[in-house]
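Enquirer:
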Amino acid sequence: MADGDRRDPRLDRRDVLKIAAASAAITSTLGVRRVLSAGQAASPRFFTTSEYSLVDELAEEIIPTDSHSPGARAARVAAYIDGELADAWTAEERNEWRDGLAAIDDLSRRTSGKTFLEATPAERVALLTAIASKEASPESAAEKFFVTLKSRVAFAYYTSEIGIHREMEYQGNVYLQEFVGYDVRTEK
Amino acid sequence: MPLLRFLQTPQPDADLTRTYDAIVVGSGAAGGMAAHVLTSKGLEVLMLEAGKKLDLDRELKSMEWPYEHPRRGQMPPGHHALTLNEYTIRQPPYGAGQPYDKVYNYIQGGNGADYSRNFMVDEKDHPYTGTRYAWVRARTLGGKTTIWGRLALRLSDYDFKARRRDGYGEDWPISYKDIAPYYDRVDRYLGISGVAEHLPHLPDSIFQRPTRLTAAEATLRAKMAAMGRTVTPYRAGVTTDGLEHNKYRSRCFGRGACARRPGGCDIHAVFDSPTGLIYPAQDTGRLSLRTNAVVREVLVDERTGKASGVAFLDAETGRAYEARARVVVLAASTLESARIMLLSKSQAHPNGIGNSSGHVGHNFCEHIMGPGVRGLVKDRIGAPRTIDDGRPGGFYVPRFRNLKERRTDFIRGYGFEGSAGNSMFAASDQPGFGADYKKRVRDLSGAYIEMGGFGEVLARYENYVALDPNTTDRWGIPVLRFHYQFGDNEKKMCEDMANTAQEMFEAAGFEIVGVSRTPLTEGWSIHELGTARMGSDRRTSVLNQFQQSHDVKNLFVVDGSSHVSASCQNPTWTIMALAWRSCDYLAEEFRRGRL
Ligand SMILES: Cc1cc2nc3c(=O)[nH]c(=O)nc-3n(C[C@H](O)[C@H](O)[C@H](O)COP(=O)(O)OP(=O)(O)OC[C@H]3O[C@@H](n4cnc5c(N)ncnc54)[C@H](O)[C@@H]3O)c2cc1C
Ligand code: SF4
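These protein sequence lines map, in sequence, to chains A and B.
Residues 41 to 228 in my numbering are what the first sequence lists, from first letter to last.
Residues 874 to 1468 in my numbering are what the second sequence lists, from first letter to last.
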């Protein structure tokens, strides 16, 4: 890599304001990260409170807090999914979640005699391990729902502030003075 | 609040009582260029655009983070983007019978689609029928240039004179030397970024500062050089050094929005027709613009057989109007210009204006997409994050087939577009769940490299569009019926594309994660071309080498409908170079009173 790459190629905020003044850039979006109202009390719009807790727990099982970064619960993944479903256009989408969550609890009752939330951590993991093993070719209702659940949880988490900045440590979406990387002109 | 924005000088209203020197229909790459060249040559021009004028900056919001948007960049409930599956199983019109409020083409299914939806047509208002086709239409000032992919390539005599090499189809009525000076002008006027590679089949542009390759892309470049193939930084229709002569456009600051979403550069480093061509043309004081003006047909003076103007409908009120001009320039995009010509039936032109050859709508061609490869770069797994997507595009692999060697299974060629490294959207498609899953996504996300091919679809008379006798659009205008299919040459080419893609990644030492071999639906490349081709024989072509109708000398068609073959290079830079050349000619003929 070129030497230049070790410099911080990002422009500082003052420079960016200058660019904005000198071109048609909009300043309202200049990298100011709006802090969303994290931690506000959950009052679900679509889920019942128990469904909400179940989604919140499932999401955290799929993307847990670890030593690297907070997980799905901190990123308020359940709240995001709840909002999406409350606004969803077709009843199919909502039914898929309502029925899917019921299928997870059914399965949990059959395997451990308890609902998913009542089950022990080891029982939860065992249940999810079983349905996740069929991810590529799901058959049962719970297995099919897992595919939907995981893809929405991943979308909500990896587009969240925590997902983008703390987990993935994404560096882009900034104003660069110079492009970064391998320069074909110098072959360096 | 914006600190400062370059407001345009107030513009005159379109005046329907006067006769303009020229009417330009459409405001995309072709229409914008026509407006620029004709006004700079002193002509008084009226531009009619079917879509709305939108405040691009406010629509695009390039730097907005996904979590700052209420739906993380997705379209509102009730707005639906067609899926590949729907294109395959549904019968067009695709919007018909759908439970949604609005139905869009597949492009709107991607990340950040909410920022471009207002540019795109609602399939429900704009039906079409016939064979399956993923037709992507933007109706707004700027047309598809508001969301285009920016890859800006030249054609060469390997394209213009392809028939001489393989005996197929027709040669273009021009060669590279005719168009080269106009490619140069487009480069200088609009800005293009890239690296000179001195390839005879992919001529270099007058490049501004290039973007850079990521580590894995540089590896691929080095390995391919040994195989005699080129991997070059994305040739982007982006001004990376800035343009002194254009106050509406900033230079590129590597924010990557344009590569992340369909449509993205709110500082207009990416070329779009409004800031690149139309606003400057308006500043000459010689361009009048009317948006929401849906042109229905070219009007004809039955005495002379010449074009006298156009008839149009107001998109909002549906009211009918006429506008008059000495010259009519169609630039409504390949398929829409053909539609207007077919709709323009008169005593003098019973098959549609300019269609004495019967070729309007025919020889319809494009690019085929689908085959490609995804690889994993071992030494990037778990590597510290770098900014890999701070640029308008990744890399391009120019065509390497049927240049020196001759394949026996197919003619013509294909190129690849690709990229590697970290991006804003994590590659979350790992199996499993829990801490292991989370770590795998984290470690692998920046370690992928991908590329996909774009191949030439041969121009065939049998592939065509015609007017549908039964179906009309929301404004009561007959719509197009498609009769279009890929042929055997394309299928063979696609097999080779998948094989060479895999072979190149293997040679570079990448672990193959997946190879796709199946072509996507017809139309997927958004490079439709050829429905009113140029030629020197008026029995088998619609336009002459200056995109002037053989039949009607004051009618020009300056968009991709004039292309004789598709080549495998993306068309927009060629559309603009040709439009510039033709409008130079038009202005000179006009001055001499010969139109
Ligand atoms: C997502 C995407 C990615 C692309 N990527 C690339 C790329 O990387 N490289 C490349 O070279 N090309 C690319 N293209 C293609 C490129 O956008 C087109 O080649 C180019 O815009 C064509 O210009 P045009 O003027 O012919 O048509 P358009 O840009 O479509 O403009 C036509 C205009 O005419 C208007 N119009 C239509 N009908 C009427 C009517 N009846 N009356 C009045 N006005 C009318 C439309 O509203 C529109 O504004 C891409 C396109 C898309 C959508
Ligand atoms: S990378 Fe450059 S061209 Fe693309 S959005 Fe950013 S500034 Fe615009």
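Every residue gets a Cβ at the ideal spot worked out from N, C-alpha and C, and that includes glycine.
Could you tell me the distance, in whole angstroms, from the CA atom of G221/A to the CA atom of P949/B?
Expert: What you label residue 221/A is simply residue 181 of the first sequence in a count that begins at 1. What you label residue 949/B is simply residue 76 of the second sequence in a count that begins at 1. The straight-line gap from Cα to Cα measures roughly 37 angstroms.
Enquirer: Tell me which residues of the stretch 1240-1265 of chain B have at least one Cβ-Cβ distance to chain A shorter than 9 angstroms, keeping chain order.
Expert: For the stretch 1240-1265 of chain B, which is checked against every Cβ of chain A, the residues closer than 9 angstroms are P1257, R1258, T1259, I1260, D1261, D1262, G1263, R1264.
Enquirer: For the stretch 94-109 of chain A, which residues have a CB atom closer than 8 angstroms to at least one CB atom of chain B, in sequence order?
Expert: Cβ contacts with chain B come from E101, I102, I103, P104, D106, H108.
Enquirer: What are the start and end residues of the beta strand (DSSP E) that includes I1385/B?
Expert: Along the second sequence, read from residue 1 onward, the residue named residue 1385/B stands at position 512. 1384-1389 is the span of the beta strand (DSSP E), which, as asked, contains I1385/B.
Enquirer: Out of I1079/B, M1214/B, R1412/B, G1408/B, state which residue places its alpha-carbon closest to the alpha-carbon of L1353/B.
Expert: Taking the second sequence and counting its residues from 1, the one referred to as residue 1353/B is at position 480. It is M1214/B whose Cα lies nearest to the Cα of L1353/B.
Enquirer: In chain order, what residues of the same chain lie with their CB nearer than 6 angstroms to the CB of G1396/B, ignoring the 5 residues before and after it?
Expert: To locate residue 1396/B, count along the second sequence from 1; it is residue 523. Cβ neighbours of G1396/B beyond the five flanking positions: Y1006, A1007, W1008.
Enquirer: Please list, in chain order, all residues of the same chain as H1232/B whose beta carbon is under 6 angstroms from its beta carbon, the five residues on each side excluded.
Expert: Position 359 of the second sequence holds residue 1232/B. Cβ neighbours of H1232/B beyond the five flanking positions: V1415.
Enquirer: Name the DSSP bridge partner or partners of C1289/B?
Expert: As a working mapping, residue 1289/B is identified with position 416 in the second sequence. Before going on, a small fix: residue 1289/B reads as Phe here, not Cys. The partner list for F1289/B (beta bridge, DSSP) reads V1270/B, G1326/B.
Enquirer: Decide if S191/A is buried, meaning its Cβ has at least 16 other Cβ atoms within 10 Å, or exposed.
Expert: On the first sequence, residue 191/A is found 151 positions in, with the first residue counted as 1. By the 10 Å Cβ count, S191/A comes out exposed.
Enquirer: Would you identify the three-state DSSP class for I121/A, choosing helix, strand or coil?
Expert: Locating residue 121/A in the first sequence gives position 81, counting from the first residue. Residue state, collapsed to three classes: helix.
Enquirer: Name the chain A residues whose beta carbon is nearer than 7 angstroms to that of A1011/B?
Expert: Here residue 1011/B is taken as the residue at index 138 of the second sequence, counted from 1. Within 7 angstroms Cβ-Cβ: nothing; A1011/B doesn't reach chain A, min ~21 angstroms.
Enquirer: In this structure, how does DSSP classify V910/B when only helix, strand and coil are distinguished?
Expert: Walking along the second sequence from the start, residue 910/B turns up at place 37. In this structure, V910/B counts as helix in the three-state DSSP scheme.
Enquirer: Using the DSSP secondary-structure output, state which residues sit across from P1106/B in a beta bridge.
Expert: The count along the second sequence starts at 1 and reaches residue 1106/B at position 233. Its beta-bridge partners are F1268/B.
Enquirer: What does Y973/B touch in chain A if you count any residue whose Cβ is under 8 angstroms from its own?
Expert: Position 100 of the second sequence holds residue 973/B. Within chain A, the residues near Y973/B are W129.
Enquirer: What does I896/B pair with, by DSSP beta-bridge criteria?
Expert: For the purposes of this step, residue 896/B is taken as the residue at position 23 of the second sequence. Answer is L919/B, V1201/B.
Enquirer: Using a C-beta to C-beta distance shorter than 7 angstroms, which residues of chain A count as neighbours of R1084/B?
Expert: Along the second sequence, one-based indexing puts residue 1084/B at 211. Rather than Arg, the amino acid found at residue 1084/B in this sequence is Thr. Those within 7 angstroms of T1084/B in chain A are F219.
Enquirer: With R1023/B and G1110/B assumed to form a contact (beta carbons below 8 angstroms), what rounded beta-carbon distance in angstroms separates them?
Expert: Here residue 1023/B refers to the residue found at position 150 when the second sequence is read from its first residue. Here residue 1110/B refers to the residue found at position 237 when the second sequence is read from its first residue. Yes, they are in contact, since the Cβ atoms of R1023/B and G1110/B sit about 5 angstroms apart, within 8 angstroms.
Enquirer: Within the structure, which residues are defined as neighbours of ligand 2 by a Cβ-heavy atom distance below 6 angstroms, reported in chain order?
Expert: Answer in sequence order: S935/B, V1111/B, C1125/B, F1126/B, G1127/B, R1128/B, G1129/B, A1130/B, C1131/B, G1137/B, C1138/B, I1140/B, A1142/B, V1143/B, R1264/B, P1265/B.
Enquirer: Using CA coordinates, which residue listed in A1069/B, I1079/B, D1432/B is at the minimum distance from R1058/B?
Expert: Residue numbering aside, residue 1058/B sits at position 185 when the second sequence is read from its first letter. Of A1069/B, I1079/B, D1432/B, the residue nearest in Cα terms is I1079/B.
Enquirer: Beta-carbon separation of S1438/B and G1137/B under 7 angstroms?
Expert: Residue numbering aside, residue 1438/B sits at position 565 when the second sequence is read from its first letter. Residue numbering aside, residue 1137/B sits at position 264 when the second sequence is read from its first letter. Against a cut-off of 7 angstroms, the Cβ pair of G1137/B and S1438/B comes out as no contact.
Enquirer: Can you grab the Cα-Cα spacing for the pair N201/A / M1297/B, in whole Å?
Expert: What you label residue 201/A is simply residue 161 of the first sequence in a count that begins at 1. What you label residue 1297/B is simply residue 424 of the second sequence in a count that begins at 1. Looking at the sequence shown, residue 201/A is not Asn but Glu. Cα-Cα distance, rounded: 11 angstroms.
Enquirer: Which runs of the alpha helix (DSSP H) spanning at least 4 residues fall entirely within the stretch 911-992 of chain B, listed in chain order?
Expert: The qualifying runs are 929-933, 957-962.
Enquirer: Which residues, taken in chain order from the stretch 1115-1149 of chain B, show a beta carbon closer than 7 angstroms to some beta carbon of chain A?
Expert: Listed in sequence order: Y1121, S1123, F1126, G1127, R1128, G1129, D1139, I1140, H1141.
Enquirer: P1271/B: which of V1104/B, P1223/B, L1172/B sits nearest, CA to CA?
Expert: Taking the first residue of the second sequence as 1, we reach residue 1271/B at position 398. The candidate whose alpha carbon is nearest that of P1271/B is V1104/B.
Enquirer: Can you tell me whether V95/A is buried or exposed, with buried defined as 16 or more other CB within 10 angstroms of its CB?
Expert: Counted from its first residue, the first sequence places residue 95/A at position 55. Flag for V95/A reads buried.
Enquirer: Between H1017/B and ligand 1, is there a pair consisting of the residue's CB and a ligand heavy atom that are separated by less than 6 angstroms?
Expert: By 1-based counting over the second sequence, the position of residue 1017/B is 144. Note on residue identity: the sequence assigns Lys, not His, to residue 1017/B. K1017/B Cβ: within cutoff of ligand 1.
Enquirer: Name the two residues that bound the continuous alpha helix (DSSP H) containing T89/A.
Expert: Numbered from 1 along the first sequence, position 49 holds the residue referred to as residue 89/A. 89-102 is the extent of the alpha helix (DSSP H) around T89/A.
Enquirer: Got a sec: does ligand 1 put a non-hydrogen atom nearer than 6 angstroms to the Cβ of L1208/B?
Expert: Sequence index remark: in the second sequence, residue 1208/B carries index 335 (1-based). No.
Enquirer: Does the Cβ-Cβ distance between G921/B and R1163/B come in under 7 angstroms?
Expert: As a working note, residue 921/B is residue 48 in the second sequence. As a working note, residue 1163/B is residue 290 in the second sequence. Here residue 921/B is Leu; the residue named in the question, Gly, does not match the sequence. It is a contact, given that the beta carbons lie within the stated cut-off.
Enquirer: E937/B and G1481/B - do their beta-carbons sit closer together than 7 angstroms?
Expert: The structure shown does not extend to residue 1481/B, since chain B is modelled only from 874 through 1468, so no value can be given for it.
Enquirer: Confirm the yes/no value for this check: CB of I1241/B, any heavy atom of ligand 1, distance under 6 angstroms.
Expert: If you number the second sequence from 1, residue 1241/B lands on position 368. Checking every heavy atom of ligand 1 against the Cβ of I1241/B, none is found closer than 6 angstroms.
Enquirer: Starting from Y1006/B, find everything on chain C with Cβ-Cβ shorter than 9 angstroms and list it in chain order.
Expert: No chain C is present in this structure, whose protein chains are A and B.
Enquirer: Candidates A1025/B, L889/B, A887/B, A923/B: which alpha carbon is nearest L1203/B's?
Expert: Stepping through the second sequence from its first residue, residue 1203/B is reached at position 330. Among A1025/B, L889/B, A887/B, A923/B, the Cα nearest to that of L1203/B belongs to A923/B.
Enquirer: Helix, strand or coil for N1372/B, going by three-state DSSP, please let me know.
Expert: By 1-based counting over the second sequence, the position of residue 1372/B is 499. Helix.
Enquirer: Whose C-beta lies closer than 8 angstroms to the C-beta of R1085/B among residues of the same chain, with five residues either side of it excluded?
Expert: For the purposes of this step, residue 1085/B is identified with residue 212 of the second sequence, where counting begins at 1. Excluding sequence neighbours, R1085/B sits near P1106, R1264.
Enquirer: Would you give the residue range spanned by the alpha helix (DSSP H) that V187/A belongs to?
Expert: Position 147 of the first sequence holds residue 187/A. 181-198 is the span of the alpha helix (DSSP H), which, as asked, contains V187/A.
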